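Q: My questions will all concern the structure given below.
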């Protein structure tokens, strides 16, 4: 189980998270939606200790992430797969070496077993036989699938997806959605998915949480979010610009959002 | 004015603090030999073997110029065989190490800042961390070790090349025989001469790689940030080379 408990995070004067609380139960897929720059990526980076909270805490399987020793944090990270928005593949390595990278930390795996696991992970994302290619030779959608293969190769208990379908065409987005569902079924993982894509959110999510003004505005099942009476939530899921304009507190401007993304990245 | 000085001081202190944290994280990653051990050889080849041609090129012309400059200076006043002395001492103790290091600030330091900076802004460093790797163990330690070990090797070859071309210039372009050049070379020679040069080179390698890695990992803001980190790495490394050059002269050459 992953618990965000009253999380606060600021970058300089910009308060990004202001009391963000959310519980993700074992086995479920939680989708977090919200406007750009409202701190969705910032929130999930706390789960793997890429960021430390200013106040509050993230608890994973009963362990407070920010209180872990270096070795304990490494052990926690080996249970979590993270899929980045732009895949973040190591561009100087082949696809095989990218997917094998996390596996090479483990002392109990020989090269033969690593090769088998890499091949299996690439098959799961429908990219068999691409081991010797370089990331620069792949399309955006294929790179995201390799990023997914790299994350699932370590056989994680948790999967964190940071905008996995952003920038992809609808068909490729649907492929990624299908792969996320397949990953959940094959590995039984608990997932958190950050997305702006409501069609994707409805397809893969068990529950959906909307992040607004640094905290959760509403959390509920897919049907509850679809039928939400909260004007802010309705406006977001229906893509109505007036909802954003009429909000009590405006989310970050585009320039501010970029600044936050930069600081978080 | 006072507030400006205060702000600049705060920024400088914060920078020193961040560099201190970087050094502490790097030192903590040194025992993780299983991680850095598998990439050390690659870095040694990239820093050492791949940097050799430019270093030898610079040293070759430095040797020629030194021999001619010494002859021009000495003519009529000082015995010409001292050309060998000047070429030897200067190449081993000063110009060999300093020119090699200055050339490699671009070849090595800037490359590291650009490479690690690009990895930072494209989230490759974050990806490494989520896969339970320490970026300091995988990226920083092998580069710093390779720089510290390989700079003396490259510099040693550069010194030898400079001496060779200095000798060639002396016997082909100047009224100086081989025996006279070698007599001058041996006359004031001490093993400390090249040892001093290699110590300096090792310290240059250490700091150039530390600066390149630090600025690379601290990069923010996309392509512009990478450009800034790369430029800064050259400027800071060049300044550090001159500071270290003076430091070693004060520590090791000052008469007792």
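Chains as they are written, first to last, in my numbering: chain A, 8 to 272; chain B, 310 to 565. Just so you know, even glycine gets a beta-carbon here, dropped at the ideal spot from N, CA and C. None of the values given here were measured: they were computed from a predicted structure.
#1: With 9 Å as the limit, tell me which residues of the segment 419–442 of chain B have their beta carbon closer than that to any beta carbon of chain A; keep them in chain order.
#2: Within 8 Å (strictly less), CB to CB, does residue 108 (chain A) reach chain B?
#3: In the DSSP assignment, what are the bridge partners of residue 418 (chain B)?
#4: Per DSSP, residue 164 (chain A) is paired with what?
#5: Can you tell which of B:511, B:532, B:349 and B:441 has its C-alpha closest to the C-alpha of residue 557 (chain B)?
#6: Near residue 372 (chain B), which residues of its chain fall below 6 Å by C-beta distance, leaving aside the five closest residues on each side in sequence?
#7: Residue 496 (chain B) to residue 484 (chain B), Cα distance in whole Å?
#8: CB residue 37 (chain A) to CB residue 216 (chain A), shorter than 8 Å?
#9: Locate the beta strand (DSSP E) running through residue 72 (chain A), then write down its first and last residues.
#10: According to DSSP, residue 226 (chain A) sits in a beta bridge with which residue or residues?
#11: Taking just the CA atoms, how far does residue 416 (chain B) sit from residue 365 (chain B)?
#12: Would you say residue 55 (chain A) lies against chain B (beta-carbon separation less than 8 Å)?
#13: Output needed for residue 234 (chain A): all residues of its chain with C-beta closer than 6 Å, excluding positions within five of it in sequence on either side, in chain order.
#14: Along chain B, in chain order, which residues have C-beta atoms closer than 8 Å to that of residue 93 (chain A)?
#15: For residue 87 (chain A), return the contacting residues in chain B, with the cut-off set at a CB-CB distance below 8 Å.
#16: Going along the chain, which residues of its own chain have a beta-carbon closer than 7 Å to the beta-carbon of residue 342 (chain B), five neighbours each way excluded?
#17: For residue 27 (chain A), return the contacting residues in chain B, with the cut-off set at a CB-CB distance below 7 Å.
#18: Given 7 Å as the limit, tell me if residue 34 (chain A) has its C-beta closer than that to any heavy atom belonging to the ligand SAH.
#19: Tell me whether residue 516 (chain B) sits in a helix, a strand or coil according to DSSP, three-state version.
#20: Which same chain residues end up closer than 7 Å to residue 208 (chain A) when comparing Cβ atoms and leaving out the 5 residues on each side of it in sequence?
#21: So, residue 391 (chain B) versus residue 493 (chain B), is the Cβ gap smaller than 8 Å?
#22: Verify the CB distance criterion: does residue 84 (chain A) have a CB-CB separation below 8 Å to chain B?
#23: With residue 10 (chain A) as the anchor, note down where its beta strand (DSSP E) starts and where it stops.
#24: Which class does residue 37 (chain A) belong to by DSSP, given the choice of helix, strand or coil?
#25: Assuming the contact rule is C-beta atoms closer than 8 Å, residue 393 (chain B) and residue 466 (chain B) should be a hit. Round their C-beta distance to whole Å, please.
#26: Ignoring anything shorter than 4 residues or poking outside the segment 319–396 of chain B, list the alpha helix (DSSP H) runs there in chain order.
#27: Using a beta-carbon distance below 8 Å, is residue 313 (chain B) in contact with chain A?
#28: So residue 97 (chain A) contacts chain B; which residues on that side make the cut at Cβ distance below 9 Å?
#29: For residue 81 (chain A), would you say it is in contact with chain D, using Cβ-to-Cβ distances shorter than 8 Å as the test?
#30: Beta carbon of residue 353 (chain B), beta carbon of residue 459 (chain B): below 8 Å?
#31: For residue 559 (chain B), is the classification buried or exposed, using 16 other Cβ atoms within 10 angstroms of its Cβ as the cut-off for buried?
#32: According to DSSP, which residues form a beta bridge with residue 88 (chain A)?
#33: Please identify, using Cβ separations under 7 Å, the residues of the segment 106–136 of chain A that lie next to chain B, in order along the chain.
#34: Once you ignore the five residues that flank residue 25 (chain A) on each side, which residues in its own chain have a CB closer than 8 Å to its CB?
#35: Return helix, strand or coil for residue 95 (chain A), following the three-state DSSP convention.
#36: Mind checking whether residue 128 (chain A) and residue 79 (chain A) have CB atoms under 8 Å apart?
A: Taking the coordinates as given:
#1: Result list: 424, 427, 428, 429, 430, 431, 432, 433, 434, 435, 436, 437, 438, 439, 440, 441 and 442.
#2: yes
#3: According to DSSP, residue 418 (chain B) bridges with nothing at all.
#4: Per DSSP, residue 164 (chain A) has no beta-bridge partner at all.
#5: B:511
#6: Closer than 6 Å at the Cβ level, and outside the excluded window around residue 372 (chain B), lie 471, 474 and 475.
#7: 19 Å
#8: yes
#9: No beta strand (DSSP E) contains residue 72 (chain A), which DSSP labels as neither H nor E.
#10: Answer is A:216.
#11: 13 Å
#12: Yes - at least one Cβ of chain B is within 8 Å of the one on residue 55 (chain A).
#13: none
#14: 431 and 432
#15: For residue 87 (chain A), the chain B residues whose C-beta falls within less than 8 Å of its own C-beta are 439, listed in chain order.
#16: none
#17: None at all; the shortest Cβ gap to chain B is about 20 Å.
#18: In terms of ligand content, the structure shown is empty, and the ligand SAH therefore cannot be addressed.
#19: helix
#20: 38, 40, 202 and 215
#21: yes
#22: yes
#23: First-last of the beta strand (DSSP E) with residue 10 (chain A): 9–18.
#24: In this structure, residue 37 (chain A) counts as strand in the three-state DSSP scheme.
#25: No, residue 393 (chain B) and residue 466 (chain B) are not in contact; Cβ-Cβ is about 20 Å, not under 8 Å.
#26: 342–356 and 361–383
#27: no
#28: 428, 433, 436 and 437
#29: No chain D appears in this structure, whose protein chains are A and B.
#30: yes
#31: exposed
#32: A:166
#33: 108, 109 and 112
#34: Correct list, in chain order: 15, 220, 221 and 222.
#35: coil
#36: no
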